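Encoded as structure tokens, the structure appears first; notes follow it.
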């Protein structure tokens, strides 16, 4: 069996697995096992709204993406392809990469928005079932994305091979790099745009809902609440998926390109495609490991997920040993240095191990079972300021071990297989990605399931189960975030190496007058980019806040519906007249009955809660009814639309920085200054990304630690201080931090793809 | 006249000027023109306490410094001198540099603690007089420090020249580099230790005083209040002074060392000492410009200070043109490249201009006359979290222009005179340092003068004048901070270049496996260092808080004295019974009279404020008196001592990181990996330092903007949110940010001095 065939088979296996997981989720009815019609109705209403919102976002985003893809493809063609191949090979690869990334994201979103409500439904029966449903929903994305990546890469390669005929493998791989650029460009939209969307909706829902209108969290009458839930999918499913799709595509392209420089590798088709094989090997291993994902008690969920991660990593390490020794030539030369296949295996191993270690340290700094986060929580006792100071310091400190692990991996990579080693280490870290993505997507599905349970008024029982899933999801999400940054760093370094190969830079002497100033500029970029994305969240949130306020002010009955029914329902719950898990249903009934006439409304209230407890001013009520008052429903769609528009508008500036900087610097000053800029951006960006993500994660979990009843519990001054930290951390951990992954990768791949264009550099300064 | 003589003359002129300025301040009686004895007494009491506290801090710090200097001198001797010169030349230079830096700091502190109370006294008469007193106090430090630096450098050079006999100029300059190391080591204590001291005292005074005990700010009965005032001197006078002394000493040593490599420069004594001449030329120019410092209206103060800065810069640019063309050889070679004296002049110019520009942009991002800070203030309207987010984003964004200016300066430096150019640009930026330091020291003197006026109950009139001085001081302090970071960056780069020269690294290829991992580590260090210093402030503050609480709990009568007299005095002020500017005196009288017996106390109260208004519980009062109750006075000295101990203890960890990292990395891995680490630390550290300083400055001034009555004014929710931002910013702008200057410089000079030791490197990894 040839390597190509093996890859195609594994790609198909991955797609097939995704289809099976999808079927496993889809066959469960959305409200299966929910006996109460009121709950079932509410569940369907809420989950449809979330799904519809998510699709609205995607569709609008696609329009922007389409325009971007066309323009950028023309740019790639004009600046790169025209000079070298005549035919737009790079541009075409770019389009294919972009389209496949979009497709992968779409599949992930569909599965997640289908899985969330079914997880809620399954939680009605047992925790174990709910866990499997959420896990399977995540697996659709995990295996679907990797399958598409494998098939897309290998097909594009084969087609290019066919079309480009006599071209050397090196040239073919250069054209293939466009595929990575495509994937990474979509990740820009998904991670940066998505990150802005999710936090803008979150902030607006909290600020107007909870603070101004005094509505509880996740209340269906808050116009921004659906956008908030959509945001979880947009940011954590589509964003994370596109980010990691980009990492795979880019690392693979980088490894292929560097490998093609070696004649021993270029002349052996199996060795040439070895980088793709790494990902292909991960498919069956990950698939087997999904069988280990079983849990019936809350404590077992996290253990199970971690077990899956560890076992898949160990299996991967073993299998890759055989594959590497079999496929790679015993010795091979790259640019004068000789390496061995054993060395290549060491690189894969270094990537695998450091990925795990980075995940572990991320957890230590962001989980409230460890002392670091508890210290942040205790700092909230002396106020919001100390909470912020401790959280910032934690983030800065937390980058120590992950960065050291990365540095060691980089050293091992370089030492054992030169630049090729870095790219291979990166692919090693991404080796178990189907399972990694599954677990990443599991989190937001569980989170959404909890939201749906809350909004459709399910009982304590169900909430407790979805909460257990959500909590495990939070821990693994932190691990996933650390992992995404680590792989982005290695990917970026791999791309950087490939860029140097393509631009024919053999030594980068930073003592040149033309290089050292660009080290300063490079270190600067992650900071200005972070500043832009933080402000973007602010502006987008402002748009949303305006819209939510407008709806409350202009939709007749929206605010009143809330006020009056809520007062009555609250009173009844307090009395014990209705059980907690009937709240939604009774509320709906009250609205339906009472608003038929003012008298009926007033009577219904008085009857259930007694005349003295009736708080809503009777005159107001009657006046509204006489004016033709109807219970108002919020316009969720408009909120989603506003957030979508705002997020897309607000990503233009940071996106432009990322895309234009390497092109402009490369053209004006040449490849060496650009290389200086890239490497400084990379090392600074990684540290800043880890700091941002971990500060945010720590504040979040410090707040949750307090909400669990410690240090005064919910509502205490300490809690209020912790909420400030959490709010500051939100854009850091969900927008700026993850967006830095894109910054470092996209800058590097743009440099790689546009490298031929820089040969026409004006070479200012040198 | 030889260059040596010119330098010595200018050094003596500078010292003479300092003596004259000192006389101008000292001849004013501390309470001159204050007619009210109560005020005069209070002023003397408060200012003596501040001075005594400052000296306590210095004396204790000196003990630590002495131990450190001895140990480190032995280390320098053992690892460096033994291998090369036999005699401890480097170690001796190190000791001289350290001692002179200590002396300069001592002089600055004495002048400042003498000037503050005299500024208050002069403010009794007119704003113009008060301005001159504060300015002159600053000038003592400005000229004294530069004079000592010049004389110290040139004397050490001459002595080394004499002792080392046949050694080449290059070797002599290598030994002289110890002088820079000495200056920089003291800066570690002054900036990091001082930074921790000042913020610990500030936080403790605010938290226990204002929040727990509900005492107003700057109240003499708060045990931490003197420590807080001492802190202003310790951080902003001694810290800033030592930082800039280090910059001059280090840049000069770097320039001398690199210049000595060129035979044309080494063979011409005047050209060789050209780097010292730059600073020498600044003395007469600065001295002339001090005559321009005159202002009689609040608006004129800032204008006058800025005029002084601009005029001195322009004069410096002109004079340096003549000096450079006269002194420097028309062409000279350094490591194969040929440069011209015109090129050297361009470097000086680049440093001068970019120093000014960095100052200007710093002001734009930190003054509340500009929109950036106002946006941060408005963000406080939606709460503390948005205030923090906007402030952080502002800091990140604000590094753009300063870093670009630095990058351009670095390019010009390298382009026109290679590594020598960087060092010369750095000295150019520091050219007008006597006037720069004067203005820097002016700020804390004015700030202290305001505190003394408040604590001794001076009238509105005096307060308004000291406030006007303080406000101008804040603006120029921001400029000074930007300037200190900029010069630290160039200094560090100059040292880095000198290190490469000494370690004989001609090209630093970062693509080596042994270099690139250290770029990651280098980028990491500023973050871990910042985390450590931020936490240090927290721990030191905790010690202080405990002490203040202990004093309130255990000093008999301290809390009661406050409570009872304050209630009475407040009531009388409200009634109009006593005018505001008599508060201190009446309060003292009440304490003296009333506590003689319980009855007298109760009667005195009832008499002045009427029986119904008497709030203190009569029984409590009588009981206290029967128990031998005496009015308690806080133990200021103990607070100062605690803060001193805590700050010195807490600087050990960050200090150890800075000192040990380069030595360990250089020894284990060799000069090239160390160079990679240094350059990554440098570029990242600069951006982080600017961000930290500007975020902190912006929050501070956003709060002041609101306190001036806008957006709801003092006491509003918006103000409370802004206070959170200000508190977060305090350690960032006054501890972590400025300490990063030391990080980047000290790491570089340690590498430079220990370079010969690294020749015995184990060369792991390579």
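Chains as they are written, first to last, in this note's numbering: chain A, 39 to 804; chain B, 39 to 804. Glycine is no exception: its CB is placed at the ideal position from the N, C-alpha and C atoms. Please read these numbers as outputs of a predicted model, since none were measured by experiment.
Beta-carbon separation (whole angstroms), residue i vs residue j, contact threshold 8 Å
i: residue 529(B); j: residue 692(B); result: Not a contact, Cβ separation roughly 19 Å.
i: residue 467(A); j: residue 535(A); result: About 15 Å separates the two Cβ atoms, so there is no contact after all.
i: residue 107(A); j: residue 133(A); result: 6 Å
i: residue 867(A); j: residue 750(A); result: This structure does not reach residue 867(A), given that chain A is present from 39 up to 804, and the question cannot be answered.
Extent of the continuous alpha helix (DSSP H) to which residue i belongs
i: residue 505(A); result: 498-540
i: residue 738(A); result: 709-745
i: residue 550(B); result: Neither: residue 550(B) is in no alpha helix (DSSP H) and is coded neither H nor E.
i: residue 116(B); result: Taken as a continuous stretch (DSSP letters only), residue 116(B) belongs to no alpha helix (DSSP H), as it is neither H nor E.
i: residue 482(B); result: 471-493
i: residue 285(A); result: 278-299
i: residue 255(A); result: Premise fails: residue 255(A) is in no alpha helix (DSSP H) and is neither H nor E.
i: residue 671(B); result: Taken as a continuous stretch (DSSP letters only), residue 671(B) belongs to no alpha helix (DSSP H), as it is neither H nor E.
i: residue 46(A); result: 41-64
Residue burial classification, residue i (beta-carbon count within 10 angstroms, cutoff 16)
i: residue 441(A); result: buried
i: residue 797(A); result: exposed
i: residue 373(A); result: exposed
i: residue 342(A); result: buried
i: residue 40(A); result: exposed
i: residue 544(A); result: exposed
i: residue 715(A); result: buried
i: residue 785(A); result: buried
i: residue 200(A); result: exposed
N-terminal and C-terminal residue of the beta strand (DSSP E) that residue i is part of
i: residue 372(A); result: 369-372
> Taking any Cβ of chain B, which residues in the segment 533-548 of chain A have a Cβ under 9 Å from it, in chain order?
Replying inline: 535, 538, 543, 544, 545, 546, 547, 548
> Taking Cβ-Cβ distances below 9 Å as the criterion, which residues of the segment 554-566 of chain B are in contact with chain A?
Replying inline: 554, 555, 556, 557, 558, 559, 560, 561, 562, 564, 565, 566
> Which of the residues in the segment 573-585 of chain B, read from start to end, lie with their CB under 7 Å from any CB of chain A?
Replying inline: 573, 576
>> Along the segment 343-376 of chain B, where does the CB come closer than 9 Å to a CB of chain A? Name the residues.
In response: none
>> Which residues of the segment 756-775 of chain A have a Cβ closer than 7 Å to any Cβ of chain B? Give them in chain order.
In response: 762, 765, 766, 769
> Along the segment 409-426 of chain A, what residues have a CB closer than 8 Å to any CB found in chain B?
Replying inline: 417, 420, 421, 422, 423, 424, 426
>> If we require 4 or more residues per run, which alpha helix (DSSP H) segments fall completely within the segment 140-176 of chain A?
In response: none
> Which residues, in chain order, does the segment 433-444 of chain A contribute to contact with chain B at a C-beta distance below 9 Å?
Replying inline: 433, 434, 435, 436, 437, 438, 441, 442, 444
> Which residues, taken in chain order from the segment 275-300 of chain A, show a beta carbon closer than 9 Å to some beta carbon of chain B?
Replying inline: none
>> Suppose only complete runs of 4+ residues qualify. What are the alpha helix (DSSP H) ranges in the segment 363-431 of chain B, listed by chain order?
In response: 379-404, 409-417
> What residues in the segment 448-465 of chain B bring their beta carbon closer than 7 Å to a beta carbon of chain A?
Replying inline: 448, 449, 452, 453
> Quick one: complete alpha helix (DSSP H) runs, 4+ long, within the segment 173-242 of chain B?
Replying inline: 207-225, 232-242
>> To be precise: take each residue of the segment 95-113 of chain A, compare its Cβ to all Cβ atoms of chain B, and keep it if any distance is under 8 Å. Which residues remain?
In response: none
> Which residues, in chain order, does the segment 375-393 of chain B contribute to contact with chain A at a C-beta distance below 7 Å?
Replying inline: none
> Taking Cβ-Cβ distances below 7 Å as the criterion, which residues of the segment 725-741 of chain B are in contact with chain A?
Replying inline: 725, 729
> Can you list, in chain order, the stretches of the alpha helix (DSSP H) that have 4 or more residues and sit fully within the segment 761-797 of chain B?
Replying inline: 775-791, 793-796
>> Which residues of the segment 300-333 of chain B have a Cβ closer than 9 Å to any Cβ of chain A? Give them in chain order.
In response: none
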